[in-house]
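Chains as they are written, first to last, in my numbering: chain W, -9 to 527; chain R, -9 to 527.
Virtual Cβ for every residue (Gly too), placed ideally from N, Cα, C.
There are 2 protein chains.
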Amino acid sequence: MAQAFAYTVYRGTFIQTTRLPDSTPRPKTELVRNRGALWVSSADGRIKGFDWQARDEASFKELMTRNGWVDVDAPETNGYDGNEVRVKVVLASEESNEFFFPGFIDTHIHAPQFPNVGLFGSSTLLDWLETYTFPVESGFGAQADQPGGADTLPKDAPPSALRIYDQVVARTLSHGTTCASYFATVHVPATNALAALCHSRGQRAFIGRVCMDNPDFCPPYYKDLSADDSVSATRSTIEYIHALDPKGTLVKPIITPRFAPTCTRPALEGLGKLAAEFNPPLHIQTHISENTNECALVKELFPESENYADVYDRYNLLTKRTILAHAVHLTPDERNLIRQRDAKISHCPASNSALGSGIAPVRTLLDEGITVGLGTDVSGGYSPSILEAARQACLVSRLLGHTTSFCQKGEKHVHENGHADKPTIGREKLSVGESLYLATRGGAAVVDMADDLGGFDEGMIWDAQLIELGSVRDLSESPLDVLTDGASSLVKTGPVGNVDLFGSETWEEKIQKWVWSGDDRNVKAVWVAGRLVHSRS
Amino acid sequence: MAQAFAYTVYRGTFIQTTRLPDSTPRPKTELVRNRGALWVSSADGRIKGFDWQARDEASFKELMTRNGWVDVDAPETNGYDGNEVRVKVVLASEESNEFFFPGFIDTHIHAPQFPNVGLFGSSTLLDWLETYTFPVESGFGAQADQPGGADTLPKDAPPSALRIYDQVVARTLSHGTTCASYFATVHVPATNALAALCHSRGQRAFIGRVCMDNPDFCPPYYKDLSADDSVSATRSTIEYIHALDPKGTLVKPIITPRFAPTCTRPALEGLGKLAAEFNPPLHIQTHISENTNECALVKELFPESENYADVYDRYNLLTKRTILAHAVHLTPDERNLIRQRDAKISHCPASNSALGSGIAPVRTLLDEGITVGLGTDVSGGYSPSILEAARQACLVSRLLGHTTSFCQKGEKHVHENGHADKPTIGREKLSVGESLYLATRGGAAVVDMADDLGGFDEGMIWDAQLIELGSVRDLSESPLDVLTDGASSLVKTGPVGNVDLFGSETWEEKIQKWVWSGDDRNVKAVWVAGRLVHSRS
Chain W
-9 MAQAFAYTVY RGTFIQTTRL PDSTPRPKTE LVRNRGALWV SSADGRIKGF
41 DWQARDEASF KELMTRNGWV DVDAPETNGY DGNEVRVKVV LASEESNEFF
91 FPGFIDTHIH APQFPNVGLF GSSTLLDWLE TYTFPVESGF GAQADQPGGA
141 DTLPKDAPPS ALRIYDQVVA RTLSHGTTCA SYFATVHVPA TNALAALCHS
191 RGQRAFIGRV CMDNPDFCPP YYKDLSADDS VSATRSTIEY IHALDPKGTL
241 VKPIITPRFA PTCTRPALEG LGKLAAEFNP PLHIQTHISE NTNECALVKE
291 LFPESENYAD VYDRYNLLTK RTILAHAVHL TPDERNLIRQ RDAKISHCPA
341 SNSALGSGIA PVRTLLDEGI TVGLGTDVSG GYSPSILEAA RQACLVSRLL
391 GHTTSFCQKG EKHVHENGHA DKPTIGREKL SVGESLYLAT RGGAAVVDMA
441 DDLGGFDEGM IWDAQLIELG SVRDLSESPL DVLTDGASSL VKTGPVGNVD
491 LFGSETWEEK IQKWVWSGDD RNVKAVWVAG RLVHSRS
Chain R
-9 MAQAFAYTVY RGTFIQTTRL PDSTPRPKTE LVRNRGALWV SSADGRIKGF
41 DWQARDEASF KELMTRNGWV DVDAPETNGY DGNEVRVKVV LASEESNEFF
91 FPGFIDTHIH APQFPNVGLF GSSTLLDWLE TYTFPVESGF GAQADQPGGA
141 DTLPKDAPPS ALRIYDQVVA RTLSHGTTCA SYFATVHVPA TNALAALCHS
191 RGQRAFIGRV CMDNPDFCPP YYKDLSADDS VSATRSTIEY IHALDPKGTL
241 VKPIITPRFA PTCTRPALEG LGKLAAEFNP PLHIQTHISE NTNECALVKE
291 LFPESENYAD VYDRYNLLTK RTILAHAVHL TPDERNLIRQ RDAKISHCPA
341 SNSALGSGIA PVRTLLDEGI TVGLGTDVSG GYSPSILEAA RQACLVSRLL
391 GHTTSFCQKG EKHVHENGHA DKPTIGREKL SVGESLYLAT RGGAAVVDMA
441 DDLGGFDEGM IWDAQLIELG SVRDLSESPL DVLTDGASSL VKTGPVGNVD
491 LFGSETWEEK IQKWVWSGDD RNVKAVWVAG RLVHSRS
């Protein structure tokens, strides 16, 4: 048992992004660096203050003394008499180019699809669902030989389901994901198991039991029995999760109609009502406008709706707590409706490229005042890393100018007065700072926790990661020995991945190198609500 | 000193791609798996034979006995009497999902730009050159206080240049790159140092001193003094490299006009003649049609030429040993000319996305009979990994159908008879197997070594890597302990990166998981010409 302490004091460099103002078109977000100390209460895991002057040893000591703090790991250093407040100090090493960064928020990930990471062939959305996705998800059902009972408990799920879910939580934590909005499967016990695993491992999570009752679209081996079943099974997972975490401190349920084609109208209606039963209303997540064939199918299935977004709106599923994944092919009318409802968008660039869905016009969405975060969309997306999602967001934004939607249909910036600009070449590109905004504060806003997560503001929750880039390479010594002694020159690579620093980089350039060359090796430690939940082995 | 042996016998699983036939449009290449033993001569590093029956211990022993081989590490096992042929056995572990794979070939990489990996902001080609590239490359000049002398030797280069080049070679080897076609800088000592470092560390390399003498385009601080200087300084590096490696076993010079805008007509003419002086003619590398502004500039600078490709053709720089990097915006006429000359193309998808250049239509190039390989294009490309280039090649090919060039201009498949098909939706997508073909056999053909490199054919050189995916996760044990004991559940990640195997994967799916989730952690060992040049630390 660790020694109790009132605060953890984090020392070193802190990097975060600025908030995005409400004005439209929106200014670009930027990276901000602070150095000094920041303290987090052990009682509630929230940031209680910071001191950006306390950079050197003397001013840090002065901070400790001023607050009457004693370092639990070095009590002798300031005369421990039992009346001081005990604190734990965690240092980000300057020499190793370490810094604290807000935890990543994955606003769209399918946990049961994790075994399929990297398996998608040359398929597109609709055949991918049938070939890869429904078969793997169907394996999360309760065991046939299960003894009778409620069949809602994690232990009723197949062991393989628990093992896979455990690995998903482990992997995403190791990549710095402190909060994830998960799609599970239709199965109640396994869905509840995912909630229990997140709760136990300490990952903040929204857990959605997937609803899919349309027999015309869903395969017979993997579907809800009826619209009523969709709603009642969902209610069952909500009850389990509310019992597991009554205040929703860490884990919350989220209403999850898979997407319009998998759901009957009664199911959509029932789920909209179910979300509204609670106070505050429950979160909702689904997919929208990922693929052109999907858009055509929705038009055919819901002829009474004006457009895809309107299908959800009709059933009260388009709320300020709704996460819409993809949004690649939205019309201006749909974007307008989404903005009016303040529904949120999860941008999943790795998935949209992998399945050939297209490129979501993120700048247009942001400029029009829509809230956007990032999703890995495992396993449409091939990586559980939000850093990879940030990279892909930057890359595809640079290809947007070559797409038909951008060049022909014209993704224009619409001002408040309704006046539309011609496309501004280059403005569509997302910077590293902006993609990191999407990965942190953007994601926080998508899960309706913009005041709690995504940055290091006073009062926010300490969901954070310690990033280590490694030390700068010494360029002063020439490797002439290699030239003369090839025999001894077997290559050694560094302990912390692929980021190479040569000493001339500004701090902003170090962040760029992290985004473009970094991986989980650079994630040294991860905290959620102040609790250490991952430490690099 | 290691004990001498006549052969190395590699045992286990071998994966490679099929060759691409000459027919047009070309059939798709596929992955092939063999299991058994393959042996490489210590004398010349070439594959002397294989036995795909020798899978189990008994048949392997029988193979050893039949050939009169004795394992140098276990001589007692078959009665060592001094007359047997001594061999070293290297095993790829089945339990750890290890396999041998041909070494990667990077057909386009700028070694001096390595410190800029990840630094490109939102720039496009022409401003990127000015802002990021020319400044870093100019630092590779000889030191001002250098004592007099030839000023051509590696030791005359700045220590920082040697250190950076050494790191480039180390990093690329650690990612499995056994052969690279390097652009260096204009500086002779540093260019020669790069050759010496590759030779010493054992990486197969083409080393190009960059030629850029056009004062209207090149900055005054970084350019050749004249066209004569371009040619004579290039000749100087050729002489150094030919002295270093007289037979060109490992390292060869390559004529390198940077690209048309940086070169005057006399320089292009002189370089074309210089390449033709040798027998066989020297390799040539340059850039073509990367960016639309660049294409417009070339049209303006060379009004007498019919198109960009024709600029090079006029000066005998479009040969069957020419590597053209990028080729994003080629016209059908240019593709036709390139095919007639049998010049080769280096596809650099990471770079083309990062700099917003566009998407090269690889399937069209292949179908028309043009030879294509992959390039990282560090640091237009943000990664020194050809595996990352393979991933990006797959991804951008899936976005090609959304681009203006594909949908509007229509990338059609032109048959031998001149008949052009309508674009076939989906055919443009590259599979994992095809991207690995580009990374190995395709690259080998690009550097005009298709009979020597890129596969495990008898007689080929053993440029290879040992890939370890790690063992399969045991799904039979449920992690219920995590559910009940969160305190002990700090996450541990595996030793070999991000590939997660669950036991249900076919061998092809394991390769897909490697491509989509793998990195340098999966590269356990690398050989060039039979010599171990990298071993994971």
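Practice prompt. Kindly indicate the opening and closing residues of the alpha helix (DSSP H) around R:Ser171.
Written response: Where R:Ser171 is concerned, there is no enclosing alpha helix (DSSP H), although the beta strand (DSSP E) it sits in stretches over Thr167 to Phe173.
Practice prompt. Return yes when the Cβ of R:Lys18 is within less than 7 angstroms of the Cβ of R:Glu424, no when it is not.
Written response: yes
Practice prompt. Tell me, to the nearest whole angstrom, how far the beta carbon of R:Asn57 is from that of R:Val75; I am working on the premise that it is less than 8 angstroms.
Written response: Indeed, because the Cβ distance is near 7 angstroms, the residues count as touching under 8 angstroms.
Worksheet item: Using a beta-carbon distance cut-off of less than 8 angstroms, what residues from the region 385 to 399 of chain R approach chain W?
Response: Leu385, Val386, Arg388, Leu389, Gly391, His392, Thr393, Thr394, Ser395, Cys397 and Gln398
Worksheet entry | Which of helix, strand or coil DSSP assigns to R:Gln193 | coil
Discussion item. Quick check on W:Gln502 - is its C-beta less than 7 angstroms from some C-beta in chain R?
Written reply: yes
Fill in: Minimum Cβ-Cβ distance from W:Lys419 to chain R less than 7 angstroms
Closer than 7 angstroms: yes.
Item to complete: Confirm, please, whether the CB-CB distance from W:Thr7 to W:Asn431 is below 7 angstroms.
Response: A small fix is needed here, since residue 431 of chain W is Arg in this sequence, not Asn. Yes. Within cutoff.
Fill in: Where the region 434 to 445 of chain R meets chain W: residues whose CB sits under 7 angstroms from a CB there
Flagged: no residues at all.
Worksheet item: So, is the C-beta of W:Lys514 closer than 7 angstroms to a C-beta in chain R?
Response: Closer than 7 angstroms: no.
Worksheet item: Roughly how many angstroms lie between the CA atoms of W:Arg325 and W:Ile360, to the nearest whole one?
Response: 8 angstroms
Discussion item. Could you check whether the Cβ of R:Gly534 sits closer than 7 angstroms to any Cβ belonging to chain W?
Written reply: What is shown of chain R runs -9 to 527, which leaves residue 534 of chain R out entirely.
Worksheet item: Run through DSSP, which three-state label would R:Gly39 get?
Response: strand
Worksheet entry | Opening and closing residue of the alpha helix (DSSP H) in which R:Ser222 lies | Element bounds for R:Ser222: Ala217 to Leu234.
Worksheet item: Hey, does R:Ile457 have any beta-carbon neighbour from chain W nearer than 7 angstroms?
Response: no
Worksheet item: Under 7 angstroms between C-beta atoms, does R:Cys372 make it to chain W?
Response: Inspection of the sequence shows that residue 372 of chain R is occupied by Tyr rather than by Cys. Output row for R:Tyr372: interface = yes.
Discussion item. Among W:Gln455, W:Ser373, W:Arg311 and W:Thr254, whose alpha-carbon lies nearest the alpha-carbon of W:Ala440?
Written reply: W:Arg311
Worksheet entry | Any 3 or more C-beta pairs closer than 8 angstroms across the region 157 to 174 of chain W and the region 500 to 509 of chain R | They do not touch, by the three-pair rule.
Discussion item. Under DSSP, the beta strand (DSSP E) around W:Asp96 begins and ends at which residues?
Written reply: Per DSSP, W:Asp96 is one residue of the beta strand (DSSP E) stretching across Phe94 to His100.
Item to complete: Sort out for me which residues DSSP pairs W:Thr246 with in a bridge.
Response: W:Val200
Item to complete: Would you list, in chain order, the members of the region 152 to 168 of chain W that have their beta-carbon closer than 9 angstroms to a beta-carbon of chain R?
Response: Leu152, Arg153, Ile154, Tyr155, Asp156, Gln157, Val159, Ala160, Arg161, Leu163, Ser164 and His165
Practice prompt. Specify the secondary structure class of W:Tyr(-3) as computed by DSSP and reduced to three states.
Written response: W:Tyr(-3) carries a strand assignment under DSSP once its states are collapsed to helix, strand and coil.
Discussion item. Can you pull out the residues from the region 119 to 134 of chain W whose beta carbon lies closer than 8 angstroms to at least one beta carbon of chain R?
Written reply: none
Item to complete: Under 8 angstroms by Cβ, that's how I've got W:Phe249 and W:His277 pegged, so tell me the actual separation to the nearest angstrom.
Response: Between W:His277 and W:Phe249 the Cβ distance is about 4 angstroms, and since that is below 8 angstroms, they are a contact.
Worksheet entry | C-alpha distance - W:Val178 paired with W:Arg194, whole-angstrom precision | Taking the Cα positions, W:Val178 is about 20 angstroms away from W:Arg194.
Item to complete: Check the Cβ-Cβ distances between R:Phe(-5) and every residue of chain W, and say whether any is below 7 angstroms.
Response: no
Item to complete: Measure the alpha-carbon distance for R:Val516 versus R:Asp453 and round it to whole angstroms.
Response: 8 angstroms
Discussion item. Would you say W:Ser112 lies against chain R (beta-carbon separation less than 7 angstroms)?
Written reply: yes
Practice prompt. Give the DSSP-derived three-state secondary structure of W:His392 in the structure shown.
Written response: In the structure shown, W:His392 sits in a helix (DSSP, three-state: H, G or I).
Worksheet item: Does any CB atom of chain R fall closer than 7 angstroms to the CB of W:Gly139?
Response: Here the model assigns W:Gly139 a pLDDT of 47, short of 50, so the residue's position is not dependable and the matter cannot be decided.
Worksheet item: Shorter than 7 angstroms from the beta carbon of W:Trp506 to some beta carbon of chain R?
Response: It does; some Cβ of chain R falls within 7 angstroms.
Worksheet item: Since W:Phe94 meets chain R, which of its residues come closer than 9 angstroms, beta carbon to beta carbon?
Response: None at all; the shortest Cβ gap to chain R is about 15 angstroms.
Fill in: Assumed close pair W:Lys78, W:Thr162 - CB separation to whole angstroms, cut-off 8 angstroms
About 26 angstroms; that fails the 8 angstroms criterion.
Discussion item. Considering Cα atoms alone, identify which of R:Ala519, R:Arg526 and R:Glu498 is closest to R:Arg23.
Written reply: R:Glu498
Practice prompt. In the DSSP assignment, find the unbroken alpha helix (DSSP H) run with R:Ser540 in it and report its ends.
Written response: There is no way to answer for residue 540 of chain R, as the model of chain R reaches only from -9 to 527.
Worksheet item: Between the region 182 to 190 of chain W and the region 140 to 159 of chain W, are three or more C-beta pairs nearer than 8 angstroms?
Response: yes
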